[in-house]
Amino acid sequence: MYCMCFSKTVGNLRVYSCVELKPRRIAKETYLHANGIVHRDLKPENLLYATPAPDAPLKIADFGLSKIVEDQVTMKTVCGTPGYCAPEILRGCAYGPEVDMWSLGIITYILLCGFEPFYDERGDHYIYKRTLNCEFDFVSPWWDDVSLNAKDLVRKLIVLDPKKRLTTLQALQHPWVTGKAANFAHMDNAQKKLQEFNARRKLKAAVKAVVASTRLGSASSHSAHDSSKPSCSASSIRDGKPEEKSAQEAEAAPEEMS
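Using the working numbering, you'd call the opening residue of the sequence shown number 6 and step up by one each time.
This is the structure:
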């Protein structure tokens with residue numbers, strides 16, 4: 006069994022972030038795909054423990070973007086979370102369940118080293134560019150002690166051509182997943198990087214929340230300002246021109262003034 010003890014409690018649920026549950030993670034996705042369900046938004050935050058117990062069942066959460074599809078049916082909706090979306094989704098091309106396997110490859114990469122494969126400090130534009138070109142590497146020193154079999158699994162999941170990615174059944178049969186080729190030497194460093202990744206993810210979410218709140222407040226103030234302006238009645242303006250007074254009103258006006 007693989008062990009990287011790093012978790013986060015959300016209410017009574019514990020966020021999945023342990024390599025020891027890797028076979029269960031893929032097994033859940035195998036069940037979904039076997040029943041024609043494509044999740045389309047797999048990421049660490051959507052993998053949860055049902056209870057705090059060490060042997061708690063793993064749950065896949067947030068099926069808001071999932072879709073039930075028939076065999077050989079493709080999807081075209083651009084959806085998912087940046088950083089985990091497959092290139093074919095970002096390009097607006099037709100796609101299938103292979104997009105979930107790409108996401109599983111991203112999650113596996115993160116769990117093994119503690120940071121995203123396409124992360125770029127220069128911003129989202131560069132992350133998208135690297136994702137579209139499938140430009141990633143096993144960065145030293147964080148990947149130096151990771152086994153060749155683990156790297157092989159990642160390479161076979163994060164593949165530009167969706168038809169060349171491992172299926173769920175193929176991934177379950179991979180030597181690293183079956184436990185025949187595990188290496189624990191890098192776990193301490195990976196756990197530290199995972200903590201940094203989680204902190205960076207929380208900070209990014211907080212910044213987005215503040216920006217959204219500020220924009221909402223600005224929009225509300227503009228709306229209130231516009232509603233406070235005096236408005237002309239419909240009877241006084243027609244087709245953008247002031248309505249002319251009738252002859253009787255014009256004659257009465259001088260009398261009212263006297």
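Think of the CB as a built atom: it goes at the ideal place given N, C-alpha and C, for glycine as much as any other residue.
* Rounded distance between the beta-carbons of ILE163 and ILE111, thought under 8 Å -> The sequence position of residue 111 within the sequence shown is 106, counting from 1. The sequence position of residue 163 within the sequence shown is 158, counting from 1. Their Cβ separation, rounded to whole angstroms, is 7 Å, which keeps ILE111 and ILE163 in contact under 8 Å.
* Asked: What number of angstroms, rounded off, separates the C-alpha of LEU26 from the C-alpha of LEU63?
  -> The sequence position of residue 26 within the sequence shown is 21, counting from 1. The sequence position of residue 63 within the sequence shown is 58, counting from 1. Interpretation of LEU26 is limited by its pLDDT of 43, a score under 50 that renders its predicted location unreliable; the figure taken from the coordinates is listed afterwards. Cα to Cα, the separation comes out at about 8 Å.
* Work out the CA separation of ASP129 and LEU174 for me, nearest whole Å. => Walking along the sequence shown from the start, residue 174 turns up at place 169. Walking along the sequence shown from the start, residue 129 turns up at place 124. LEU174 and ASP129: Cα-Cα distance of roughly 33 Å.
* **SER108, buried or exposed, once every other Cβ within 10 Å from all chains shown has been counted against 16** => Along the sequence shown, one-based indexing puts residue 108 at 103. With 16 or more Cβ atoms within 10 Å of its Cβ, SER108 is classed as buried.
* TRP148 to GLY222 span [Cα, whole Å] -> Along the sequence shown, one-based indexing puts residue 148 at 143. Along the sequence shown, one-based indexing puts residue 222 at 217. So the alpha carbons of these two residues sit roughly 45 Å apart.
* Reference GLN138, options GLU93, LEU47 and ALA39, closest by Cα -> Along the sequence shown, read from residue 1 onward, the residue named residue 138 stands at position 133. Note that residue 138 corresponds to Asn in the displayed sequence, not to Gln. It is GLU93.
* **Bridge partner(s) assigned by DSSP for LYS81** => Locating residue 81 in the sequence shown gives position 76, where the first residue counts as 1. Note: LYS81 sits in no beta bridge, so no partner.
* Can you name, in chain order, every residue of its own chain whose Cβ lies under 6 Å from the Cβ of ALA55, other than the five neighbours on each side? -> To locate residue 55, count along the sequence shown from 1; it is residue 50. Around ALA55: ALA61, PRO62 and LYS64.
* Asked: Where in the region 75-130 do unbroken runs of the alpha helix (DSSP H), each at least 4 residues long, occur, reported from the N-terminal end onward?
  -> 92-95 and 103-118
* To do: To the nearest angstrom, report how far apart LEU165 and HIS179 are at their CA atoms.
  => Working through the sequence shown from its first residue, we reach residue 165 at position 160. Working through the sequence shown from its first residue, we reach residue 179 at position 174. About 19 Å.
* Backbone secondary structure at LYS169 - three-state DSSP -> Residue numbering aside, residue 169 sits at position 164 when the sequence shown is read from its first letter. DSSP places LYS169 in helix when its eight states are reduced to three.
* Option in THR79, ASP76 and LYS48 with minimal Cα separation from ASP67 -> To locate residue 67, count along the sequence shown from 1; it is residue 62. Minimum Cα distance to ASP67 is reached at LYS48.
* To do: Output the distance between the C-alpha atoms of GLU50 and PRO57, rounded to the nearest integer angstrom.
  => In the sequence shown, the residue the question calls residue 50 occupies position 45. In the sequence shown, the residue the question calls residue 57 occupies position 52. If I take the Cα positions, the gap works out to 16 Å.
* Three-state secondary structure (DSSP) at ILE163? -> In the sequence shown, counting from the first residue as 1, residue 163 sits at position 158. Reduced to three states, the DSSP call for ILE163 is coil.
* Would DSSP call VAL151 helix, strand or coil? -> For the purposes of this step, residue 151 is taken as the residue at position 146 of the sequence shown. Correct three-state label for VAL151: coil.
* To do: Return the bridge partner residues of LYS64 from the DSSP annotation.
  => Counting from one through the sequence shown, the residue named residue 64 turns up at place 59. LEU53.
* **Cβ shell of HIS38 (< 6 Å), same chain only, five flanking positions each side left out** => Numbered from its first residue, the sequence shown carries residue 38 at position 33. Cβ neighbours of HIS38 beyond the five flanking positions: PRO102 and THR173.
* **Rounded C-alpha distance that separates VAL74 from ASN40** => To locate residue 74, count along the sequence shown from 1; it is residue 69. To locate residue 40, count along the sequence shown from 1; it is residue 35. Each residue's alpha carbon lies about 9 Å from the other.
* To do: On the DSSP bridge assignment, give the partners of LYS72 in chain order.
  => Locating residue 72 in the sequence shown gives position 67, counting from the first residue. In the DSSP output, where bridge partners are listed per residue, LYS72 has VAL43.
* Asked: With a Cβ-Cβ cutoff of 8 Å, do VAL83 and GLY97 count as a contact?
  -> Here residue 83 is taken as the residue at index 78 of the sequence shown, counted from 1. Here residue 97 is taken as the residue at index 92 of the sequence shown, counted from 1. Yes.
* Pull up the distance between the alpha-carbon of ALA99 and that of PRO146, whole angstroms please. => For this step, residue 99 is matched to residue 94 along the sequence shown. For this step, residue 146 is matched to residue 141 along the sequence shown. Each residue's alpha carbon lies about 38 Å from the other.
* To do: Please classify ALA58: does DSSP put it in a helix, a strand, or coil?
  => In the sequence shown, the residue the question calls residue 58 occupies position 53. Reduced to three states, the DSSP call for ALA58 is coil.
* How many angstroms separate the CA atom of PHE123 from the CA atom of PRO59? -> Residue mapping note: residue 123 aligns to position 118 of the sequence shown, counting from 1. Residue mapping note: residue 59 aligns to position 54 of the sequence shown, counting from 1. Taking the straight line from one Cα to the other gives about 31 Å.
* **Which of helix, strand or coil DSSP assigns to LYS48** => To locate residue 48, count along the sequence shown from 1; it is residue 43. Reduced to three states, the DSSP call for LYS48 is coil.
* **Beta-carbon proximity list for TYR131, same chain, < 7 Å, skipping 5 on both sides** => By 1-based counting over the sequence shown, the position of residue 131 is 126. Here the set comprises ASP125.
* Cutoff 8 Å; reference VAL104; Cβ partners in own chain excluding five residues on either side -> Taking the sequence shown and counting its residues from 1, one reaches residue 104 at position 99. Hits under 8 Å: VAL43, ARG45, GLY85, CYS90, ALA91, GLU93, ILE94 and PRO167.
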